[in-house]
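Per UniProt numbering, the very first residue in the sequence shown carries number 1; after that it's consecutive.
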Amino acid sequence: MTLRLAVLGAGAVGGSVLDLASTYGHEVVAFADSSSSVTDSTGLDPETVRARKERDGIVGDADPDAVFDTNYDVLIEATPTTLGDAEPGFSHVERALLDDRHVVLANKGPVAERYADLRALEAESEGRVQFEATVGGAIPVLSTISDLGAGHVTAARGVLNGTANFILSRMAAEGLDYEHVLAEAQDLGVAEADPSFDVDGIDAALKFVILANVLSDGETEYRLDDAEVEGIRNVPGTALDLAAEDGRTVRLIGEATADGVRVAPRLVPQGSTLAVTGTQNIVQLETKHAGQLNISGRGAGGPETATAVLSDVSRFE
Ligand SMILES: NC(=O)c1ccc[n+]([C@@H]2O[C@H](COP(=O)([O-])OP(=O)(O)OC[C@H]3O[C@@H](n4cnc5c(N)ncnc54)[C@H](O)[C@@H]3O)[C@@H](O)[C@H]2O)c1
Ligand SMILES: N[C@@H](CCO)C(=O)O
1 MTLRLAVLGA GAVGGSVLDL ASTYGHEVVA FADSSSSVTD STGLDPETVR ARKERDGIVG
61 DADPDAVFDT NYDVLIEATP TTLGDAEPGF SHVERALLDD RHVVLANKGP VAERYADLRA
121 LEAESEGRVQ FEATVGGAIP VLSTISDLGA GHVTAARGVL NGTANFILSR MAAEGLDYEH
181 VLAEAQDLGV AEADPSFDVD GIDAALKFVI LANVLSDGET EYRLDDAEVE GIRNVPGTAL
241 DLAAEDGRTV RLIGEATADG VRVAPRLVPQ GSTLAVTGTQ NIVQLETKHA GQLNISGRGA
301 GGPETATAVL SDVSRFE
């Protein structure tokens, strides 16, 4: 069944959803960036939209809000993640749910900072909310938890920030401090609009907060403020050299357990499961009766994240 998508956010993720929607049998009927939008009830042509954005710096002549006036089935929220009230993303989601439309989020803010509000809105709507893309890009972490049953998973641990992992990998390989490789990470299109979210551990913490909310299944609500967070800004290149002498390396490791959410740089053995390289992510799920499950893969990037978004869309068919 072809679903009509309204996409908010014309960056790495939104742009890839526009490019890939047809390969999943869906069509994008509305597309917006921060200052403009374009709509077409018969489906937008990605090439034409991209050409306009490149030429004029906007996607169309209408206001971004015009996407809500179209006849869409699913809102894709791919605007920058914001903290606290998670605005304007939260209001976008609210508007779609009040109109009984489905929502798929790549934006982590509404899920990490206002999980209970989001679930309350969903409960009053004919629309449903999915957010696989908010945790681990292309890796099916949330759908695995859903398949296992959240009550059968006791904890999640691992590496969930591709930018920080890329930086630590490059620092170890080149003996450089993080400032020297940050620009390289930004060129890959995986860093947040504000890259301090990546290097200060905020992005990883948001993902583990989302995991904590999903694992708690509504019993306890977690927000970023509940997490203990330390990033990689103070990890010097020399620390990686010293760790290497001992057969170890440093990774930004997060965990969501019954005791809460923590993210910090940790020493791990080189070549161990947690020592993924580049922008790879890994999640270890502790189950009650089946031991540990490891899932790893590309945790960031436009097409990778769009893959998770479009798999979520297909759940509404
Ligand atoms: N890039 C990734 O690998 C990745 C992976 C998972 C989740 N995410 C999340 O997905 C979201 C988008 O990421 P991205 O990398 O595409 O970001 P980006 O910075 O490349 O693009 C953001 C886009 O949102 C637009 N925008 C800003 N405010 C808007 C508004 N009010 N209305 C409509 N559009 C608006 C901007 O114009 C821009 O086109 C973020 O919340 C990010 O945390 C990104
Ligand atoms: N900035 C994030 C994008 C994926 O959420 C990362 O580097 O992992």
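Where a beta carbon is used, it is the ideal one built from N, C-alpha and C, also for glycine. From a predicted model like this one, the values you see are computed outputs, not experimental measurements.
Could you have a look at residue i and say whether DSSP puts it in helix, strand or coil?
i    : result
F31  : strand
P110 : helix
G124 : Just to set this straight, residue 124 is Glu in the shown sequence, not Gly. Correct three-state label for E124: coil.
G11  : coil
A244 : helix
E132 : helix
A256 : strand
R119 : helix
G237 : helix
Report the rounded CA-to-CA distance for residue i versus residue j, giving the unit in angstroms.
i    : j    : result
V29  : Y72  : 7 angstroms
N234 : P303 : 31 angstroms
V181 : V13  : 23 angstroms
D100 : P88  : 19 angstroms
E94  : E245 : 52 angstroms
G158 : T134 : 15 angstroms
S22  : G60  : 20 angstroms
D225 : I253 : 18 angstroms
T249 : L18  : 39 angstroms
T257 : G291 : 15 angstroms
Y178 : I282 : 21 angstroms
G278 : G175 : 15 angstroms
S272 : G247 : 10 angstroms
N107 : Q130 : 11 angstroms
T39  : E47  : 14 angstroms
P80  : T305 : 14 angstroms
T70  : S41  : 8 angstroms
L267 : R251 : 7 angstroms
A191 : D198 : 7 angstroms
Kindly indicate the opening and closing residues of the beta strand (DSSP E) around residue i.
i    : result
Q270 : Counting along the chain, Q270 falls outside any beta strand (DSSP E), and DSSP gives it neither H nor E.
L3   : Note, L3: premise wrong, no beta strand (DSSP E); not H, not E.
H102 : H102 to L105
G158 : V153 to V159
For the alpha helix (DSSP H) containing residue i, list its first residue and its last residue.
i    : result
H289 : H289 -> no alpha helix (DSSP H), and no H or E assigned at all.
I145 : V141 to L148
I167 : G162 to E174
L97  : G89 to L98
I202 : I202 to S216
L310 : G302 to S314
V181 : Y178 to D187
V199 : S196 to V199
Is it buried or exposed, residue i, if we count other Cβ atoms within 10 angstroms and call 16 or more buried?
i    : result
H289 : exposed
A161 : Here residue 161 is Asn; the residue named in the question, Ala, does not match the sequence. N161 comes out buried.
P110 : buried
D259 : exposed
S36  : buried
R262 : buried
E113 : buried
M171 : buried
R223 : buried
G9   : buried
S91  : exposed
E132 : buried
N294 : exposed
G149 : exposed
A173 : exposed
A183 : exposed
T238 : exposed
S34  : exposed
G127 : buried
E317 : exposed
R55  : exposed
P265 : buried
P269 : exposed
A275 : buried
P236 : exposed
E255 : buried
S146 : exposed
### Task
For the stretch 14-86, list the alpha helix (DSSP H) runs that are entirely contained and at least 4 residues long, ordered along the chain.
Given a length threshold of 4 residues, each whole run of the alpha helix (DSSP H) inside the stretch 14-86 is given here in chain order: 46-56.
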